[in-house]
Every structure is written in structure tokens, then in C-alpha cells.
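If you want my numbering, it's the 1-based position in the sequence shown plus 3.
First comes the structure, then the notes that go with it.
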Amino acid sequence: ALAGDTPSQHRYFLDNQEVHLPAFWEQYIAEENSLELIKTASLPLVVAINGHTLAESLDNPRLPQPAQAAASIRRSEGEQVDLYGVRQETLAEHRLQQRGGGYIALPVAIGLLLAAVALVVPSTLMPWLLALAALLLVWGIGCLYRKPSNKQLKEIHLLRGIPKRWGLFGESCTEQLNNVSIGTLDLIYPAHWQPYIHKDLGQLTEIEIYLNRHVVRQGRFLSLNDEATQFPLQPWGRNALFSVAALLGLLLLLTSQSLSVPLKISSAWLHGPQTLSADSVQQLAAMPLQVGDVLDLKGSGMCHVPALYQEGERYPFLPFDCSTIYWGTATPMAEPNSDIIDNAASLQATVNRQLAAQEGDNAVSPALASAIQKSGMILLNDFAAIVLKTDALCGQKNECVRLKNSLVNLSNSKSWSALLKKARSGGLEGINVLMRPASAHQLATIVNNAVSSFYNRETRKAAQLLAVTPPGGFLISSDEKRQWVTHPQPTLSLYEYGPQDQWRELENLSRMLLNTPFRAHGVITDIRSDANGTRHITLHSQPEGLSLWRYLLMPPLLLTLGIVLAVNVTLFVRRWRSARARIPAIQRYYEQCINHKIMPFDPPSHP
């Protein structure tokens, strides 16, 4: 029981719940009580106590008011607890209760990250994600700086009584040892108050508590409100969350695409781009080109052959890269040619012709041809030509070793040099070589392998020669690898063909792309000149609609994320260090108050 507004009235509590007990039932209160309650709109009503019910009380005359001393649950005069007021918690106290609420900053963090994602997804999704990010940012910022309404501020009860520590407990039971009660209420103190609450035990003290019995103020100097005012909270959790979101957004934007293109296009758009067009090299050379200008070119040029190929890039016209066009006044480069390729083709044709000799061939007599056909053998009727053409192709000693050895074995010669000397002197004239079909097939395979190595080597050598760009002129590139020509792309890449077909494909591509019509259009993103006087112009497709907005929004978003990251990392470090030192600073202050070295905070006045 707590004293009410008048000495004859009392308020009764069952644990922490206030109940309504009819006054004429105070005489039935004992040390241990059995109660029956019903829930009402205001307070639970006691309808039975220790076997006495309201129905019985209606038949009995109203009993006189019992003396206060008869109720064993009531405290003595010195143990009464007075409720002398109720107030709302202050903003500082409210913030203390919201400590650790990093979820409040979550909408802003998600909004920042979503804005970065919106600039790298397909254009159809970009406006929807940007709208969602804007809503989250507006809502999140509003939640961060919005003051709580009166309904959100909790009630604080102002009590006046004598706090006591009840019960005898061992030193190992620290939880019970620290239990302090006022009247029938067990109080819950902040952990850092434990060394100081004993000063008020057994003395009449003003205590302010929430309905959940958490103490916010006690005595002259223990006050959470004053702590939050003099030693402000350091909420570093939201700074950590903002830093992580900004860092992820920056990494996403910087790794998904080049930063220079959006910056240049945005700068050009702000200054107003100039559209230039040219259909001749002289006309282009006379133009004052600047980064950000829109350039439209039309003419005939050469697809560039790069010295180094970028790994992972696709080149449809390999070895040519038609996303880069050389445009100049120099004479177009000649198509590739090679004496070695001519010798290889001649040797292969000679061998194939003799191995596939048809009936009616006048190189041998009809009787001999008929006998050879019946025996199933194959005749090499011009063996000297094969030897001489092998020497013309494989002039070096270490070339075509296997082919040379095969020819030496077929002629029963001592060595390749002896066989070659005999062929040059005419000693092989009129000599025919008769071979089994298996041996003929083996010879054809050896010849094909020998000439294939020359085809491979000469194809790569010719491609390297095409990589030499004439001095002067312009090298017009697309940073998006757009093809400036309209030719149909080959179904196979150059090096997917066989060795002999590689050379023929290179000849066809050279014939088509060394002097080809082209059309280039885009925004200039880079201009530079090399040591040969060639001007390198890099173009990017002119953005329109959502693509333009993507480039325009990226620089300010990058700047915003960078500022958010820098500011919040700095605040996180400072606040984290201050948060670690806050509780020790508060305890030092209380120690000084107890020792009367400083005056305590002035307690707030109450009506």
C-alpha cells in the first residue's frame, strides 16, 4: 500500500500493478492474501479477498473505517512512498532509450546504395530504382532529424520515499545484493550508478522512474538527463552504417564502368556541345576539335591492325580491328604477298597432282599406266620437280627434315645433299618412283604438315606488317568497340581456319578492309598525338534519354558518396573513441560530486 492524496486513502499494488480494493475490506488484509480480480476499464477490481466476496458485503451493513495500524501491509509513517507528480521524459532521456537504434539510419544507407545500383542496371530499371532511392532518402533523413511526438514520450513518475536494500544475501549473489526497493517497488538502476546509490539508502529521497521501474533520477546528482546534457551520447553506429553503404556504392560505380567518360560527357553537356562533321581528311584537320564535341565522319579508310590485342575483347575481322579506323592521305597499304607461300602452294600442288594422276595422263606410256593401275600402285612421274620445289621452300638445313628424309628414302640416295645435287644436274630426269597407296598417303601427310608450318608463320608475319600505321592522318577509335564498317562479319575468326585457308582469308580481309568506306559518329572523349604525327581521336556514342541522365547523375553521386564516406569515417572514429571514454568521465564527475569538489547539477524544478 502507498499513501494516497489524503491520510485516510491508500493505493494498493499487486506486484507492479495497481488494483482497486474497497475501503471496507482493509480489515481482511493479512500477511499472505488470496485475491480474485476482474479487469475493468480503469483498474483491476478486487471482488474477493481471503474468502470474503462483494456479494456478501451487499447483505452486511457498511463497516466503520478500520484504523490504519490494523493493516499489516502498510508501512510505518517513515516508510510511506508519495507519488507527488508525473512528467514526460525529456528529449535527452528519450535519446538514451533509443541508444543502439542503428535501424533508424538503415533507410538512408539503403537509399544511397540503391542510387548507385540504379546507375549500373539496364536503362529500363534505372528510373524506378532512382525513385525508390529518393523516397528512402527523404523518409530516412526525416526519421533521423524528426523530434518525437508527445505520444512517443513516456511518462516518468516522481516518487518521494526511503530507498532500502532488502534481504540478506551472500557476497556471491551480486544481483540480489544490488536490489534496491522503495515501498513495494524494486528499482532498476543504470549499471554505472551502482557505486553511488548507497549514499541515499535509508534517507528520504526523490526518485524518478519509468513505469517499468527504471530509474532516471535519484537524489541531488544522479540524473540521466544531466548526463546526456553534460556528456552527450556518441551514436557511432549510424556513422559506421553510412560509411559501409557509401564505400559499397563507390566500389560499384568505379568498377562497373570507366569514370572518365561520364565526367567528360557531363562537362561537355554543361558547356554546350558543338556538332562537327567532315567527309575528308583535310576538312577534319582544319577543325578545332575539343573533348565533348560531337563528331560525325564519313569517308574511306583502313581498319587498324593493333600491335597488341586486349584479352577478353572480340575482334570480328581479326586481325583487323574495325572499331579503330586509320584515315589519312597516304597511299593505302598493299595486300599481303609472300614468295614462301607461293613456293609452298607450288610444292603442294605438284605432289597432289602426281598422287592423283588420272587416266589419259601422257607422262607415261599407256601400257605402263595400265599395269600400274592393275597393281594398285601409285606412280610419281616427276620426282625431280618434287625434290627441287622442296629445296626452294625448305632452303634451311633444319627445315622440313622429315620431308627431306622421306624423299631420300624413296630415291635410295645417301643424303639430302646428294639427292639435291643429282636433281639439279638432271640425274633424276626420266626416273619414276612407284609407291604403295599407304606410302603415298603418308607422303601427302608429310607434305601438308611441312607447308602448314610455313602458312602459319607467313600469315602471322603478314598480319604484323599490316600493324604498321602510316605517319600523319587520324586514328579514330570507339571506346565501346563499335564497328565503324557495315561489312557482314565472318562466321569464323581468322585463326579458326586451317593453315592454308588462313592465308586466303587474310587476303580476302585485306582486299576488303585496307581501303573501306566507314561512318563514325559520337562524342569526343579523348584527343592526343603520337610521335609519328598521327592524331588519336576516341569517340563515345552520343547518349540520349536515360543514357544521358545516367552520365549526368554519376559525377554528383560519386561526389556525394565520397563526402559521405569521408565525413562518416571521421565521425565514426571520433565518436567511437568518445563513447569509450563517456562512462568513465561520468563516474569521475560523480566521484567529485560525492567528495564535494564540484557542485552537482541543479535538479529540475517541478510544479
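Every residue, glycine too, gets a C-beta built ideally from N, C-alpha and C.
First and last residue of the uninterrupted beta strand (DSSP E) at H13
What you label residue 13 is simply residue 10 of the sequence shown in a count that begins at 1. That run of the beta strand (DSSP E) goes 13-17.
Report the CB separation of N228 from A95 in whole angstroms; it is logged as a contact under 8 Å.
Position 225 of the sequence shown, counted from the first residue, corresponds to residue 228. Position 92 of the sequence shown, counted from the first residue, corresponds to residue 95. Yes, they are in contact, since the Cβ atoms of N228 and A95 sit about 5 Å apart, within 8 Å.
Give the single residue among K267, T489, L568, S37 whose Cα lies nearest to the Cα of L555.
Taking the first residue of the sequence shown as 1, we reach residue 555 at position 552. Checked all of K267, T489, L568, S37; the closest Cα to L555 is K267.
Could you please give me the residues that DSSP links to M305 through a beta bridge?
What you label residue 305 is simply residue 302 of the sequence shown in a count that begins at 1. For M305, the beta-bridge partners assigned by DSSP are Y329.
Using a threshold of 9 Å, state whether the C-beta atoms of A540 and L478 are closer than that.
As a first step, residue 540 must be located in the sequence shown, where it is residue number 537. As a first step, residue 478 must be located in the sequence shown, where it is residue number 475. Ala is not the amino acid found at residue 540; the sequence shown has Ile there. Contact: yes.
Residue span of the beta strand (DSSP E) that contains Y108, given as start and end:
Position 105 of the sequence shown, counted from the first residue, corresponds to residue 108. Looking at the sequence shown, residue 108 is not Tyr but Ala. Unbroken run through A108: none, as it is neither H nor E.
Are the stretch 229-236 and the stretch 510-525 touching, with three or more C-beta to C-beta distances below 8 Å?
no
Name the two residues that bound the continuous beta strand (DSSP E) containing T528.
The residue given as residue 528 occupies position 525 in the sequence shown. Looking at the DSSP string, the run of the beta strand (DSSP E) that includes T528 is 519-532.
Since I believe V567 is in contact with A249 (beta carbons under 8 Å), could you give me their beta-carbon distance rounded to a whole number of angstroms?
In the sequence shown, counting from the first residue as 1, residue 249 sits at position 246. In the sequence shown, counting from the first residue as 1, residue 567 sits at position 564. About 4 Å separates the two Cβ atoms, so the contact holds.
Can you name the residues that DSSP bridges to K167?
Against the sequence shown, residue 167 aligns to sequence position 164. DSSP, once it has assigned bridges, lists S184 as partnering K167.
Tell me which same chain residues have a C-beta within less than 6 Å of the C-beta of K301, skipping the five on either side of it?
As a first step, residue 301 must be located in the sequence shown, where it is residue number 298. Answer for K301: D282, R522, listed in chain order.
Looking only at its own chain, which residues have a Cβ that is under 6 Å from the Cβ of Y498, when we skip the five neighbours before and after it?
Residue numbering aside, residue 498 sits at position 495 when the sequence shown is read from its first letter. Scanning its chain for C-beta atoms nearer than 6 Å, with the 5 sequence neighbours on each side dropped, one finds no residue around Y498.
Kindly indicate which three-state DSSP category D385 falls into: helix, strand or coil?
Here residue 385 is taken as the residue at index 382 of the sequence shown, counted from 1. If DSSP states are grouped into helix, strand and coil, D385 belongs with coil.
Where does T258 sit, in a helix, a strand or coil, going by DSSP?
Looking up residue 258 in the sequence shown gives position 255. Of the three classes helix, strand and coil, the one that applies to T258 here is helix, per DSSP.
Counting pairs of Cβ atoms below 8 Å between the stretch 454-472 and the stretch 416-432, do you hit three or more?
Cβ pair count under 8 Å is below three, so no.
Assumed close pair S136, G164 - CB separation to whole angstroms, cut-off 8 Å:
For the purposes of this step, residue 136 is taken as the residue at position 133 of the sequence shown. For the purposes of this step, residue 164 is taken as the residue at position 161 of the sequence shown. Note on identity: in this sequence residue 136 is Ala, with Ser being the wrong assignment. Rounded, the Cβ-Cβ distance is 54 Å, inconsistent with contact.
Assuming Q492 and P319 form a contact by the criterion Cβ under 8 Å, report the distance between their Cβ atoms to the nearest whole angstrom.
Here the question's residue 492 lines up with position 489 in the sequence shown. Here the question's residue 319 lines up with position 316 in the sequence shown. Yes, they are in contact, since the Cβ atoms of Q492 and P319 sit about 4 Å apart, within 8 Å.
What did DSSP end up calling D203 once you bin it into helix, strand or coil?
Within the sequence shown, residue 203 is the residue found at index 200, counting from 1. D203 falls in the helix class under three-state DSSP.
Output needed for L147: all residues of its chain with C-beta closer than 8 Å, excluding positions within five of it in sequence on either side, in chain order.
On the sequence shown, residue 147 is found 144 positions in, with the first residue counted as 1. Only I107, A108, V111, R241 meet the Cβ criterion.
Counted within 10 angstroms of its Cβ, other Cβ atoms place L256 as buried (16 or more) or exposed:
The residue labelled residue 256 in the question sits at position 253 within the sequence shown. L256 should be labelled buried.
When DSSP labels each residue in this structure, what does F320 get in the three-state scheme?
Counting from one through the sequence shown, the residue named residue 320 turns up at place 317. If DSSP states are grouped into helix, strand and coil, F320 belongs with coil.
On the three-state DSSP scale, how would you describe S226?
In the sequence shown, counting from the first residue as 1, residue 226 sits at position 223. If DSSP states are grouped into helix, strand and coil, S226 belongs with the strands.
In angstroms with no decimal places, state the Cα-to-Cα distance between E34 and L188.
For the purposes of this step, residue 34 is identified with residue 31 of the sequence shown, where counting begins at 1. For the purposes of this step, residue 188 is identified with residue 185 of the sequence shown, where counting begins at 1. About 17 Å.
Tell me, to the nearest whole angstrom, how far the beta carbon of V390 is from that of L350; I am working on the premise that it is less than 8 Å.
For the purposes of this step, residue 390 is identified with residue 387 of the sequence shown, where counting begins at 1. For the purposes of this step, residue 350 is identified with residue 347 of the sequence shown, where counting begins at 1. Incorrect: roughly 10 Å between the Cβ atoms, too far for contact.
For A569, which three-state DSSP category applies?
Residue mapping note: residue 569 aligns to position 566 of the sequence shown, counting from 1. In the structure shown, A569 falls within a helical segment according to DSSP collapsed to helix, strand and coil.
With three or more beta-carbon pairs closer than 8 Å as the criterion, would you say the stretch 479-488 touches the stretch 324-339?
Yes: the two stretches touch, three or more of their Cβ pairs being nearer than 8 Å.
H23 burial status per 10 Å Cβ neighbour count (16 or more: buried)
Working through the sequence shown from its first residue, we reach residue 23 at position 20. Exposed.
Could you check the C-alpha separation between T43 and V50 for me, to the nearest Å?
For the purposes of this step, residue 43 is taken as the residue at position 40 of the sequence shown. For the purposes of this step, residue 50 is taken as the residue at position 47 of the sequence shown. Near 12 Å, if we compare the C-alpha coordinates of V50 and T43.
Buried or exposed: W142, going by 16 or more other Cβ atoms within 10 Å of its Cβ?
Looking up residue 142 in the sequence shown gives position 139. Classification of W142: exposed, given that the 10 Å Cβ count is below 16.
Report all residues from its chain with a CB closer than 8 Å to the CB of M290; omit the five preceding and five following residues, and keep chain order.
On the sequence shown, residue 290 is found 287 positions in, with the first residue counted as 1. Counting only Cβ-Cβ distances below 8 Å, and skipping sequence neighbours, we find L279, A281.
Tell me which residues share the same chain as C620 and place their Cβ nearer than 6 Å to its Cβ, disregarding the 5 neighbours each side in the sequence.
With the chain covering 4 to 610 only, the question about residue 620 has no answer from this structure.
Those runs of the alpha helix (DSSP H) which lie wholly inside the stretch 378-434 and span at least 4 residues
Whole alpha helix (DSSP H) segments, 4+ residues: 386-396, 404-414, 419-427.
Between R90, A121, I185, which has its C-alpha nearest N153's C-alpha?
Locating residue 153 in the sequence shown gives position 150, where the first residue counts as 1. It is R90 whose Cα lies nearest to the Cα of N153.
Give me the Cα-Cα distance between R14 and G252, rounded to the nearest whole angstrom.
For the purposes of this step, residue 14 is taken as the residue at position 11 of the sequence shown. For the purposes of this step, residue 252 is taken as the residue at position 249 of the sequence shown. In this structure, the straight-line span from the alpha carbon of R14 to that of G252 is close to 60 Å.
Pairwise C-alpha distance: A584 and T573:
Position 570 of the sequence shown, counted from the first residue, corresponds to residue 573. Position 581 of the sequence shown, counted from the first residue, corresponds to residue 584. Their backbone Cα atoms lie some 17 Å apart in a straight line.
So, for A70: in the same chain, excluding its five sequence neighbours on each side, which residues have a beta-carbon less than 6 Å away from its beta-carbon?
Taking the sequence shown and counting its residues from 1, one reaches residue 70 at position 67. Note on A70: pLDDT 44, under 50, position unreliable in the model; the coordinate value appears next. Contacts found: none.
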